[in-house]
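What follows is a single structure, written as structure tokens, with notes after it.
There are 2 protein chains.
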Amino acid sequence: MSADLDVFAALASPVRRELTALLLDGPRPVNDLASHFTMSRPSVSEHLKVLRDAGLVSEQRNGRQRIYQLEAAPLRELSEWLHPYERFWLEKLANLRTLLDEEDL
Amino acid sequence: MSADLDVFAALASPVRRELTALLLDGPRPVNDLASHFTMSRPSVSEHLKVLRDAGLVSEQRNGRQRIYQLEAAPLRELSEWLHPYERFWLEKLANLRTLLDEEDL
DNA sequence: TTGACAGGTAGGCAGCCTCCTACGTATCTT
DNA sequence: AAGATACGTAGGAGGCTGCCTACCTGTCAA
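One line per chain: the protein sequences are A and B, in this order.
Counting in our numbering, the final residue of the first sequence is number 105, and the numbers go up one at a time with none missing.
Counting in our numbering, the final residue of the second sequence is number 210, and the numbers go up one at a time with none missing.
Following this line, the structure appears as structure tokens:
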């Protein structure tokens, strides 16, 4: 669908998933985010760059801080990508249910 | 949640996403799947192994063929992972709507 | 049983990813 | 103006990925 469905690649790293999870509680500056990891701050910055390039976060400058914020659009696209598969696994559940019903006879 | 949320890593490859998309139409043997790609069949086999290890597909032997089938569970987990973010982007939409309403005054 | 077919595995190579430290730049404080 | 703070970027090392060709195993057909 969209040009950069590299959202998957961006979220393939546990570190970056953790970053997005932290941003669920609201926008945060880099040092705040970096404090949750044992790796160096520049490495966290690099991960943030990947998330930025995927459109998953945006930055907003505030003095010498850069406040990172979660961006909804790519996640919505991910959800849409998942849609055809949702139908698939709901069928699975339906099949299971009819199977159980038959056993109840 | 689950031990192997490497579902993201498995889906990070466009080739593997294409494979799962092909399997949406139903189970298929390896050669059938491989015929949709320009890369060698062994490479497709390797991609299938990654999908297998992530639990995204299962194989069922039928004579000398191995029929691959999509597995629903990891996709459901992916959907569940997405849930908190869904709330997030719905709020975004709500904010946008109230903003538009205010403009209508 | 011998050959053809389906598909996995081994081994190797090239490119990418992730981490590091060192350094550069902009902003705030004093 | 000088130092401290917040952050990005450069460059490099090591490991992982993705592709290839060659080869192996198991099954079917003649």
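Backbone N, C-alpha and C define an ideal beta-carbon position, used for all residues, glycine too.
Just so you know, these numbers come straight off a predicted model, no measurement behind them.
Just to check my reading of the structure: residue i and residue j have Cβ atoms closer than 8 angstroms, yes? What is that Cβ distance to the nearest angstrom?
i, j, result
"LEU156 of chain B", "VAL149 of chain B", "About 10 angstroms; that fails the 8 angstroms criterion."
"ARG181 of chain B", "TRP89 of chain A", "5 angstroms"
"PHE113 of chain B", "ALA12 of chain A", "5 angstroms"
"GLN69 of chain A", "PRO29 of chain A", "GLN69 of chain A to PRO29 of chain A, Cβ: 11 angstroms. No contact."
"HIS141 of chain B", "ARG121 of chain B", "Contact doesn't hold; Cβ gap of about 13 angstroms is too wide."
"SER79 of chain A", "GLU191 of chain B", "7 angstroms"
"PRO42 of chain A", "ILE67 of chain A", "That pair is no contact at about 18 angstroms."
"ALA54 of chain A", "PRO74 of chain A", "6 angstroms"
"LEU33 of chain A", "LEU22 of chain A", "6 angstroms"
Determine, for residue i, whether the minimum Cβ-Cβ distance to residues of chain A falls below 8 angstroms.
i, result
"TYR173 of chain B", "no"
"ALA159 of chain B", "no"
"ALA117 of chain B", "yes"
"ALA199 of chain B", "no"
"ALA114 of chain B", "yes"
How is residue i classed by DSSP in three states: helix, strand or coil?
i, result
"ASP101 of chain A", "helix"
"ALA115 of chain B", "helix"
"LEU24 of chain A", "coil"
"SER2 of chain A", "Bear in mind that the predicted position of SER2 of chain A carries a pLDDT of just 41, short of 50, making it unreliable; the figure below should be weighed with that in mind. DSSP places SER2 of chain A in coil when its eight states are reduced to three."
Can you find a C-beta in chain B that's less than 8 angstroms from the C-beta of residue i?
i, result
"PHE37 of chain A", "no"
"THR79 of chain A", "Correcting the residue identity first, residue 79 of chain A is Ser in this sequence and not Thr. SER79 of chain A counts as touching chain B."
"PRO84 of chain A", "yes"
"LEU22 of chain A", "no"
"VAL57 of chain A", "no"
"LEU75 of chain A", "yes"
"ALA34 of chain A", "no"
Starting from the N-terminal side, write out each stretch of the alpha helix (DSSP H) that is 4 residues or longer and does not extend beyond the stretch 29 to 84 of chain A. Fully enclosed alpha helix (DSSP H) runs of no fewer than 4 residues occupy 30 to 34, 41 to 53 of the stretch 29 to 84 of chain A, in order along the chain.
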